[in-house]
Amino acid sequence: MFLDTFKRQAGKFYSKQSLSRAGILLILLLAAVPAFAHIPLANAAKPQPPPTTTSTNWAKTYFPQGDTYGASVAKSVSQISSGGYLVGMFCDASSCNGGAGVMRVDSSGNIQSQTQYEFTNYPFSTTIELAIPTSDGGSLFTGNMQFGCPAQGQSSCALIVKVDSKGNIQWSNDLEFGTTCTSGPFAWPLDAHQTSDGGYVLTGYSYTPTCSAYGAFVVKLSTTGQLQWQRLFTDPTGQGSIAEAIHQTSDGGYAVAGETYTYVNDSYTETQPLAFKLDSTGSIVWQHVYSLGVDTYAQTMALTNDGGLIIGGTVDIPAGTSYSSPIFLLKLDSAGNPQFAKTYLPTGSISELTITAAQQTSDGGYAFSGYYFQNTVYDQRAFIVKTDPNGNVQWDKIYGADVEYSDRGFNSFQQTSDGGYVAAGFTNQFSGGGSNVLWLVKTDSNGNISGCSDIHSDSSTTSSLTVNVSKSNLSAAKDTFSYVAEALAVYTGPLAATKEC
37 MFLDTFKRQA
47 GKFYSKQSLS
57 RAGILLILLL
67 AAVPAFAHIP
77 LANAAKPQPP
87 PTTTSTNWAK
97 TYFPQGDTYG
107 ASVAKSVSQI
117 SSGGYLVGMF
127 CDASSCNGGA
137 GVMRVDSSGN
147 IQSQTQYEFT
157 NYPFSTTIEL
167 AIPTSDGGSL
177 FTGNMQFGCP
187 AQGQSSCALI
197 VKVDSKGNIQ
207 WSNDLEFGTT
217 CTSGPFAWPL
227 DAHQTSDGGY
237 VLTGYSYTPT
247 CSAYGAFVVK
257 LSTTGQLQWQ
267 RLFTDPTGQG
277 SIAEAIHQTS
287 DGGYAVAGET
297 YTYVNDSYTE
307 TQPLAFKLDS
317 TGSIVWQHVY
327 SLGVDTYAQT
337 MALTNDGGLI
347 IGGTVDIPAG
357 TSYSSPIFLL
367 KLDSAGNPQF
377 AKTYLPTGSI
387 SELTITAAQQ
397 TSDGGYAFSG
407 YYFQNTVYDQ
417 RAFIVKTDPN
427 GNVQWDKIYG
437 ADVEYSDRGF
447 NSFQQTSDGG
457 YVAAGFTNQF
467 SGGGSNVLWL
477 VKTDSNGNIS
487 GCSDIHSDSS
497 TTSSLTVNVS
507 KSNLSAAKDT
517 FSYVAEALAV
527 YTGPLAATKE
537 C
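Residue 50 in this note's numbering sits at position 14 of the sequence shown, and the numbers go up by one each step.
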């Protein structure tokens, strides 16, 4: 299942039919490290809120100019105070000078600025997980560097970069746990947010001190990027843990969601969702594991208005002829107790169903996004689903016409200030194949774009799940740790926008 997760992550970058040479190299590099799906939902509310109205709804693609085969993809999207959007992006096209990038567009999707960042000695070794707006009008992005980390060996370190509103670097650091592991230190960040004191908190997974399993980490930084505290969580029973998402709670603490797993006979088994609450200094307040099925993966989490959490993921339970595990939504109260759990499975023969973002909406309901592969048409479809406060589906939309061997997917989405939605990801729906290009979609409150014929209603079967809750055994562990400044080169990006709808 962890290999399946890596395949889903790789699919966010590239089409199944065409890969650039640089793209192939990157996938080979990433294959040595499981890449777990991450779904960013910037909810820190530290930057100024956007205006209550935005422009008309639209869909646009963003091509690397002067490059036929290179891929570009949006990894995250957030509405900013101007009413436009901040996009965290990755590009492996030859016209892109770096892998990680940050793009700003106005409320109509027109490019305002685009900047790319790369470690110059190792081209395309820098990936990005997400970019978030910051209270000073700039942004912070996190990602991963496969080479060039300060420790020796086959190292892979977390990259944390703060830039101003024009994309100029203010500070950049890389972070590694397990610097004594013979296989090389390792850290992969999966979520980050600005905190109420103007600093930052990020989470992900790394090696435990035994170097034999993964452990969830949480790192707190100051406004200027100085390390304030760090925690690496391990389980004395030998279970591993991965943190997928983090949010600061109203009491100044932090809610974290991810999964635990057991490593037996060279395979990962008994994977279950994990949620735990930290106080403002990183000490555990409560921690729970939720048994929903044989193997269950938590892939996204957001706070709810009642102080609770909504967690989304996939659960490995019998699903007939769909060839896919269904999506689940798990609602928790502020103490981590389950309030409801439901599964969602599109009708028809599908596979590789993936949820990439979930959040509570302004009416008290929920919405989530993702993609799946349709086995009869052989295309990958992007979707947004809206539910009521009890998790019952109100509408279900797929985006993109049925074109054989085409791919579309949403990696991130967010409800906008006008009640609509903005979603970001990739598409290659132009000639039945080819490289993926960055794709942004802005809809109304019902998921529609006026005059766009490539949006269709879908249907999903829904069922309730029984949830068994048990206390997890996480504790903070001391480990060798590296946090140092990193120098990156800055380039102007080559993307050009094309209107779809």
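For every residue, glycine included, the Cβ atom is placed at its ideal position computed from N, Cα and C.
request  = Would you tell me roughly how many angstroms separate the C-alpha atoms of L368 and L176, rounded to the nearest one?
outcome  = One-based indexing of the sequence shown puts residue 368 at position 332. One-based indexing of the sequence shown puts residue 176 at position 140. Roughly 29 Å separates the two Cα atoms.
query = Can you tell which of F376, T285, I116, S242 has its C-alpha closest to the C-alpha of D454?
reply = On the sequence shown, position 418 is the one that residue 454 refers to. When only C-alpha atoms are compared, the closest one is I116.
query = Which word fits V325, buried or exposed, when buried means at least 16 other C-beta atoms lie within 10 angstroms of its C-beta?
reply = The count along the sequence shown starts at 1 and reaches residue 325 at position 289. V325 is buried by the Cβ-count criterion.
query = Secondary structure at A523, three-state DSSP: helix, strand or coil?
reply = In the sequence shown, residue 523 corresponds to position 487, counting from 1. Assigned with DSSP and collapsed to three states, A523 falls in coil, not helix or strand.
query = Thinking C-alpha only, which one of D172, S192, G174, P169 is nearest N180?
reply = Counting from 1 along the sequence shown, the entry for residue 180 is found at position 144. Cα-wise, what sits closest to N180 is S192.
inquiry  = Run through the DSSP bridge pairs and tell me what A418 is partnered with.
reply    = For this step, residue 418 is matched to residue 382 along the sequence shown. Bridge pairing for A418: Y407, Y435 [DSSP].
key: S508 Cβ short of 7 Å to the ligand ATP heavy atom set   = Ligands displayed in this structure: none; no statement on the ligand ATP is therefore possible.
task = Could you have a look at D443 and say whether DSSP puts it in helix, strand or coil?
result = Translated into positions along the sequence shown, residue 443 becomes position 407. Strand.
ask   = Is V520 buried or exposed, if buried means 16 or more other CB atoms sit within 10 Å of its CB?
value = Sequence index remark: in the sequence shown, residue 520 carries index 484 (1-based). Exposed, by the Cβ-count rule.
ask   = Going along the chain, which residues of its own chain have a beta-carbon closer than 7 Å to the beta-carbon of Q396, five neighbours each way excluded?
value = Taking the sequence shown and counting its residues from 1, one reaches residue 396 at position 360. Within the same chain, Q396 has close Cβ partners A338, T340, N341, I346, Y402.
query = Do N509 and T163 come within 8 Å of each other at the CB atom, strictly closer than that value?
reply = Residue numbering aside, residue 163 sits at position 127 when the sequence shown is read from its first letter. Residue numbering aside, residue 509 sits at position 473 when the sequence shown is read from its first letter. Inclusion of T163 and N509 in the CB contact set at 8 Å is not warranted, their separation being larger than that value.
query = Counting Cβ pairs, one atom from each stretch, are 3 or more of them under 8 Å apart for the stretch 274–286 and the stretch 525–532?
reply = no
ask   = Apart from the five residues on each side of it in sequence, which residues of its chain come closer than 7 Å, Cβ to Cβ, to A371?
value = Here the question's residue 371 lines up with position 335 in the sequence shown. Once the five neighbours on either side are set aside, the close Cβ partners of A371 are W322.
request  = Determine the direct distance from the alpha carbon of Q450 to that of D172, and round the result to whole angstroms.
outcome  = As a first step, residue 172 must be located in the sequence shown, where it is residue number 136. As a first step, residue 450 must be located in the sequence shown, where it is residue number 414. One Cα belongs to D172, the other to Q450, and the distance between them is close to 21 Å.
ask   = What do you reckon, are the CB atoms on S448 and A110 nearer than 8 Å?
value = On the sequence shown, residue 448 is found 412 positions in, with the first residue counted as 1. On the sequence shown, residue 110 is found 74 positions in, with the first residue counted as 1. Going by C-beta atoms, S448 is nearer than 8 Å to A110.
key: Cβ-Cβ separation, W265 to Y241 (assumed contact under 8 Å), whole Å   = As a position in the sequence shown, residue 241 is number 205, starting the count at 1. As a position in the sequence shown, residue 265 is number 229, starting the count at 1. About 18 Å; that fails the 8 Å criterion.
query = By how many angstroms is the C-alpha of W475 removed from the C-alpha of S97?
reply = Along the sequence shown, read from residue 1 onward, the residue named residue 97 stands at position 61. Along the sequence shown, read from residue 1 onward, the residue named residue 475 stands at position 439. Strictly speaking, residue 97 in this sequence is Thr, with Ser absent from that position. Each residue's Cα considered, the two are about 5 Å apart.
query = In or out: A532 buried (at least 16 other Cβ within 10 Å) or exposed?
reply = Residue numbering aside, residue 532 sits at position 496 when the sequence shown is read from its first letter. When all chains shown are included, A532 counts as exposed.
query = Is T350 near L389, with beta carbons less than 8 Å apart?
reply = On the sequence shown, position 314 is the one that residue 350 refers to. On the sequence shown, position 353 is the one that residue 389 refers to. Contact flag set, yes.
ask   = Under the rule that 16 or more other beta-carbon atoms within 10 Å means buried, what is S499, buried or exposed?
value = Residue 499 sits at position 463 when you count from the first residue of the sequence shown. It counts as exposed.
ask   = Cβ atoms of T178 and A228: under 8 Å apart, would you say?
value = As a position in the sequence shown, residue 228 is number 192, starting the count at 1. As a position in the sequence shown, residue 178 is number 142, starting the count at 1. Yes, the pair counts as a contact, with Cβ atoms nearer than the cut-off.
query = Is the beta carbon of L263 sitting closer than 8 Å to the one on V292?
reply = Translated into the one-based positions of the sequence shown, residue 263 becomes position 227. Translated into the one-based positions of the sequence shown, residue 292 becomes position 256. No. Outside cutoff.
request  = Sort G261, N133, C185, V254 by Cα distance to F269 and report the nearest one.
outcome  = The sequence position of residue 269 within the sequence shown is 233, counting from 1. Of the candidates G261, N133, C185, V254, the one whose C-alpha sits nearest the C-alpha of F269 is V254.
inquiry  = So if DSSP puts D210 in a beta bridge, which residue, or which two residues, is it bridged to?
reply    = As a position in the sequence shown, residue 210 is number 174, starting the count at 1. Looking at the DSSP output, D210 bridges to L195, V520.
message = Rounded to the nearest angstrom, what separates N93 and T305 at their Cα positions?
response = If you number the sequence shown from 1, residue 93 lands on position 57. If you number the sequence shown from 1, residue 305 lands on position 269. The straight-line gap from Cα to Cα measures roughly 44 Å.
task = Taking only the alpha-carbon atoms, compute the straight-line gap between K478 and D515 and give it to the nearest angstrom.
result = For the purposes of this step, residue 478 is taken as the residue at position 442 of the sequence shown. For the purposes of this step, residue 515 is taken as the residue at position 479 of the sequence shown. K478 and D515: Cα-Cα distance of roughly 44 Å.
ask   = According to the Cβ coordinates, are E154 and L524 closer than 8 Å?
value = Counting from 1 along the sequence shown, the entry for residue 154 is found at position 118. Counting from 1 along the sequence shown, the entry for residue 524 is found at position 488. Yes; because the gap between Cβ atoms is below 8 Å, this pair is in contact.
message = So, for S327: in the same chain, excluding its five sequence neighbours on each side, which residues have a beta-carbon less than 6 Å away from its beta-carbon?
response = For the purposes of this step, residue 327 is taken as the residue at position 291 of the sequence shown. The residues are Q308, N504.
inquiry  = Quick check on A129: does DSSP put it in helix, strand or coil?
reply    = Translated into positions along the sequence shown, residue 129 becomes position 93. Correct three-state label for A129: coil.
task = Mind checking which residues open and close the beta strand (DSSP E) that includes L339?
result = Within the sequence shown, the letter at position 303 stands for residue 339. Counting along the chain, L339 sits inside the beta strand (DSSP E) bounded by residues 332–339.
query = With a cut-off of 8 Å, do at least 3 Cβ pairs link the stretch 407–417 to the stretch 427–446?
reply = yes
inquiry  = Quick check on P425: does DSSP put it in helix, strand or coil?
reply    = Taking the sequence shown and counting its residues from 1, the one referred to as residue 425 is at position 389. In the structure shown, P425 sits in coil (DSSP, three-state: anything other than H, G, I, E or B).
request  = Ignore the nearest five residues each way along the sequence and tell me which others in S496's own chain have a CB closer than 8 Å to its CB.
outcome  = Here residue 496 corresponds to residue number 460 of the sequence shown, with the count starting at 1. Only Y380, L381, P382, T383, V421, V429, D432 meet the Cβ criterion.
query = Cα separation between F126 and T216?
reply = Within the sequence shown, the letter at position 90 stands for residue 126. Within the sequence shown, the letter at position 180 stands for residue 216. Answer to the nearest angstrom: the Cα atoms are 31 Å apart.
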